[in-house]
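Here the structure comes first, spelled out in structure tokens, and everything after it is commentary.
2 protein chains.
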Amino acid sequence: MSDESTPLTPPAESGSVSGAPSESQRAPKLETLLAAAATTFATRGYSGTSMRDIAHDSGISLSGIYYYTRGKSSLLYEIQSRTIDALLASAAQALSTVTRPLDQLLQFVENHVSYSNDHPAFVRVLSHETAPDGTDERREAVELKRSEYVKVLRDILDRVRHESSAPVPTPFASDMLFAMMSGPRQWGVSDTELNVGMAARLIYDLFVRGFTGGAAAARQ
Amino acid sequence: MSDESTPLTPPAESGSVSGAPSESQRAPKLETLLAAAATTFATRGYSGTSMRDIAHDSGISLSGIYYYTRGKSSLLYEIQSRTIDALLASAAQALSTVTRPLDQLLQFVENHVSYSNDHPAFVRVLSHETAPDGTDERREAVELKRSEYVKVLRDILDRVRHESSAPVPTPFASDMLFAMMSGPRQWGVSDTELNVGMAARLIYDLFVRGFTGGAAAARQ
DNA sequence: ATACCTTTAGAACAAGCGTTCGATGGTACG
DNA sequence: CGTACCATCGAACGCTTGTTCTAAAGGTAT
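Order-wise, the sequence lines are chains P and V. Mapping of the first sequence onto the numbering used here: residues -3 to 216, in sequence order. Mapping of the second sequence onto the numbering used here: residues -3 to 216, in sequence order.
Structure (structure tokens):
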């Protein structure tokens, strides 16, 4: 069902000059490994996933995993870090195409929903999982970028609120919108099949009407 | 911080005639055990929680736990089962006081939010955790009651929709509302301190305006 | 062929896991 | 006083966990 074969384009951390030919081909297999780990983490949870599970699901031997990564918590960190980087980057790109606050809000929602649809496991691991043994600064780094991402939305909401005098406080509103975008996969597990664009638009409409008091709607 | 000492009133499964004096005093300690387990499950996750953690947090010895419960997955089942029972019961009672659809919706939201506020760990365990080794019918029983609870909301939404011709499909809308009520504890982790009643009202207003197209609001 | 580097896999490790067992102290009643 | 029962606990069981170690297979360049 869920494809997720396409790599998380942006932050593959390759810093090499393009000329170098040999350059250690471990990158593609690392991608496979991360994708498999993300899927398993997403379904069984971080603590519920064993390294042997990941080995089995990725087709890489147990000890082989340690050739590509430093260990279990590094796997989680790498997944979360890449995902939030990709979200930040694609959001920034989407936002650069419009200027009016409501249009930016629509762009942000569409971007987040569509990315979540393309890489469900990665986004789920980013938002639901946290390493119990995470050493620390790596988790903090992810948390920092996460709040950066939240701030992007809050700033948009502030602008929307400023031009339409919305009655709902922005931090609260941003939490509600994130909750809607991260759902379903909870409670109802909506059986209505609706495509990504429609879902994003529905969330946007539902939210904007509630947030601004009923008046607004973006272009088109 | 979170108190949660008050027991889950409704379904303590005591079926004894009130006269019987001895009646095995294990009930209160079971309650303590379940509360401790719920808190630990909520913070560390089901798989991330060891029986030794629960023993430590509840003040009951590791082997003592097995005097009160059949094992780890039974603990989870008992927590989830009691919580959904309590939610169903208190929702039914709250709904019986009003008749107009929008008033019922407000009652449902207020009930759910306030219950979640009184027993955050229990509700979190109910909605976020699932037993990997759960044998089965017990998990199915919880799932059944959960969808019963969802149906209660959906029926209310259907009635609201019928009398105000809302443009959003009901299953989708119910997912969104549940998502809002179950958030925060994700993304923004809203630092605005707002009391329970206000939060419930904000969610209700935000949702109803978005759902009905801007017109409606309940009494008062 | 020889040497070298990348990549893989099997075996093993100590630590932690859920669960069971046997024993202990405490009341209640003959 | 003795016997039965309830509640509780420390110790131990077999198994799984994350991780490391050692050796070997494939490839390329000498």
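We treat Cβ as the ideally placed atom computed from N, Cα and C, and that holds for glycine.
- Contact annotation: the stretch 199 to 208 of chain V touches the stretch 156 to 174 of chain V, with at least three C-beta pairs closer than 8 Å.
- When GLU125(V), LEU140(V), VAL146(V) are compared, the shortest CA-CA separation from MET177(V) is found for VAL146(V).
- For LEU98(P), no Cβ of chain V is located within less than 9 Å of the residue's own Cβ.
- For SER160(P), the uninterrupted alpha helix (DSSP H) run begins and ends at 133 to 160, by DSSP.
- Interface criterion met: the Cβ of LEU198(P) is under 9 Å from a Cβ in chain V.
- Contact between the stretch 91 to 107 of chain P and the stretch 50 to 69 of chain P is absent, with fewer than three C-beta pairs closer than 8 Å.
- Any Cβ of chain V closer than 9 Å to the Cβ of MET172(P) would place that residue at the interface, and such an atom is present.
- MET176(P) belongs to the set of residues whose beta carbon lies under 9 Å from a beta carbon in chain V.
- Close to PRO128(V), with beta-carbon spacing below 9 Å, are these residues of chain P in chain order: ARG40, GLY41, GLY44.
- Contact between the stretch 123 to 131 of chain V and the stretch 192 to 199 of chain V is absent: fewer than three C-beta pairs spanning the two stretches fall below 8 Å.
- Annotated three-state conformation of ASN191(P) is coil, per DSSP.
- Per DSSP, reduced to three states, the secondary structure at SER86(V) is helical.
- At least 9 Å separates the CB of GLY55(P) from every CB of chain V.
- The distance from the Cβ of SER69(V) to that of ALA127(V) is about 5 Å, consistent with a contact at the 8 Å cut-off.
- At a C-beta separation below 7 Å, ARG205(V) has these neighbours in chain P: ARG205, GLY206, GLY209, GLY210.
- Here GLN103(V) is buried, its C-beta having at least 16 other C-beta atoms within 10 Å.
- When secondary structure is reduced to three states using DSSP, HIS115(P) falls in the coil class, being assigned neither helix nor strand.
- Put simply, the CB of HIS52(V) is far from chain P, with every gap to its CB atoms at 9 Å or more.
- Around the Cβ of GLU74(P), a 10 Å sphere holds 16 or more other Cβ atoms; the residue is buried.
- Residue contact check for LEU202(P) against chain V: a CB pair falls below 9 Å.
- Looking at the backbone, the Cα of ALA195(V) and that of LEU122(P) are separated by about 26 Å.
- In this structure, HIS108(P) lies near LEU83(P), with their beta-carbon atoms less than 9 Å apart.
- When the beta-carbon positions are compared, GLY41(V) and SER43(P) come within less than 9 Å of each other.
- Taking C-beta atoms as the reference points, LEU29(V) and ILE80(V) fail to come closer than 9 Å.
- Using a Cβ distance threshold of 9 Å, VAL204(P) and VAL156(P) count as a contacting pair.
- Bounds of any alpha helix (DSSP H) do not take in THR65(V), whose DSSP letter is neither H nor E.
- Excluding its 5 nearest sequence neighbours in each direction, LEU71(P) has C-beta neighbours in its own chain below 6 Å: ALA33, THR65, listed in chain order.
- Taking the Cβ atoms as the reference, GLU139(P) lies roughly 18 Å from PHE37(P), outside the contact range of under 8 Å.
- The closest CA to that of ARG78(P), considering only ARG120(P), LEU58(P), SER46(P), is found on ARG120(P).
- Here HIS115(P) is buried, its C-beta having at least 16 other C-beta atoms within 10 Å.
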